[in-house]
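This report refers to the structure that appears directly beneath it.
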Amino acid sequence: MFERLNSIHERYIYLEEQLGDPSIFSDQERFAETNKEYKKLEPIVETIKEYQLVVGNIASSKEMLGDPEMKEMAQMELEELNPKKTELEEKLKILLIPKDPEDERDVIFEIRAGTGGDEASLFAGDLYKMYSRYFDSMGWKTEPVTINEGTVGGYTKLVLEVTGTDVYGHLKFESGAHRVQRVPKTESKGRLHTSAATVVVMPKLILKDVNINKADLRTDTFRASGAGGQHVNKTESGVRFTHIPTGIVSESTDARSQIKNRDIALNRLYVKIYDAQREAHEAKVSQKRKSLVGSGDRADKIRTYNFPQNRVTDHRIGLSVNKLDRVLAGEVHDIIEALLMYENTEKLKGEEM
0 MFERLNSIHE RYIYLEEQLG DPSIFSDQER FAETNKEYKK LEPIVETIKE
50 YQLVVGNIAS SKEMLGDPEM KEMAQMELEE LNPKKTELEE KLKILLIPKD
100 PEDERDVIFE IRAGTGGDEA SLFAGDLYKM YSRYFDSMGW KTEPVTINEG
150 TVGGYTKLVL EVTGTDVYGH LKFESGAHRV QRVPKTESKG RLHTSAATVV
200 VMPKLILKDV NINKADLRTD TFRASGAGGQ HVNKTESGVR FTHIPTGIVS
250 ESTDARSQIK NRDIALNRLY VKIYDAQREA HEAKVSQKRK SLVGSGDRAD
300 KIRTYNFPQN RVTDHRIGLS VNKLDRVLAG EVHDIIEALL MYENTEKLKG
350 EEM
């Protein structure tokens, strides 16, 4: 591990020198790539420096043990420094775990009302507000693609593009059924109801990420219409792609623009084919354990929002927090960080095995 840490530190110093070279600014692509790698290594290097400082202080304290006048102070310092050293070693192990390249992707983010009628639409609206505030706190940008409002408020369906730094890496565990338990405003007898909304997070992929020959794609366009036959689209804005070799089909009528629907449908197709290719590859060459958190099964109820007890429970890692009001206000960071920590712990176990 320490040889790798030294290599990372040397690489960081080299990148720092490159960023200080005025000639790099004439090549924006090179500057962007260098700066991106530099920022990625920064938290590791900061931890390395902190670790080296602690190790140096431990060595100094051990030397002081031979001085009768300084022995007591040295022992007290060692009692504080040794646990810190262990803590930093564990942190470095986590930081050195290879990141999934997809974590850096922007995403297509969908929220759909599930079981529960109007109450499900209202809850989908609550989730939209929660995530919007979280996106803002992360400095990410959002662009609405589809917004279908519910009959009494909230939304039946929302599709957003979310762009920023490590968006998919933070949101990939949000896919699944989110369940709410509360007394609806429309409930006259005060009975507790359970409703649900589904969240789907798809990484935005590009053609070079997937082994697809454009000649193998068949494209069809068709007219799309709104619910109840209203707002009939007189142009063929709906787009359907068929990957001829595999028969995988993907389509989109989410947007009114055919260009936007092409982008969405093509991204969905890439995700489907990419998943199929990745599963086939892993079945052949890898016996890695799969993290429960990373399963992304959309049929599973991944999280419950219980209003009477002001509690949010993530069922995959058994985490419960009694601050539902704050979570819905956008403070979902602690839950997402706990999921990321769980994933890293599982990866670390896999490497040790």
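Here the sequence shown is numbered in numbering that gives the first Met the number 0, starting from 0 and rising by one per residue. Cβ atoms here follow ideal geometry from the backbone N, Cα and C, with glycine treated the same way. The model shown is predicted, which means the values in this text are computed figures rather than measured ones.
Start and end residues, alpha helix (DSSP H) containing A196: Premise fails: A196 lies in the beta strand (DSSP E), H192 to P202, not in any alpha helix (DSSP H).
Helix, strand or coil at K289 according to DSSP, with G and I counted as helix: Because K289 carries a pLDDT of 39, less than 50, the predicted location of this residue cannot be relied on, and the following value inherits that uncertainty. If DSSP states are grouped into helix, strand and coil, K289 belongs with coil.
Cβ neighbours of D135 in the same chain (closer than 8 Å, five flanking residues each side left out): Correct list, in chain order: G329.
Close Cβ partners of L327 (< 8 Å) along its chain, the five nearest in sequence each way excluded: D125, K128, M129 and Y304
Host beta strand (DSSP E) of V326 (start-end): First-last for V326: L323 to L327, but that is the alpha helix (DSSP H), not the beta strand (DSSP E).
N- and C-terminal bounds of the beta strand (DSSP E) containing H242: G237 to H242
DSSP beta-bridge partners of A112: DSSP, once it has assigned bridges, lists A196 as partnering A112.
Exposed unless 16 or more other CB atoms sit within 10 angstroms - verdict on K184: exposed
Own chain partners of G153 with C-beta closer than 6 Å, once the 5 adjacent residues on each side are dropped: Taken in chain order, the residues that qualify are S120, L121, A123 and G124.
Alpha-carbon spacing of E235 relative to L265, whole angstroms: 16 Å
R181 versus L191: straight-line alpha-carbon distance, rounded: Roughly 5 Å between the two C-alpha positions.
Cβ contact (3+ pairs, closer than 8 Å) linking the stretch 49-56 and the stretch 15-34: no
Sub-9 Å separation of E86 and Y167 beta-carbons: no
Per-residue burial, R222 [other beta carbons within 10 Å of its own, 16 or more giving buried]: exposed
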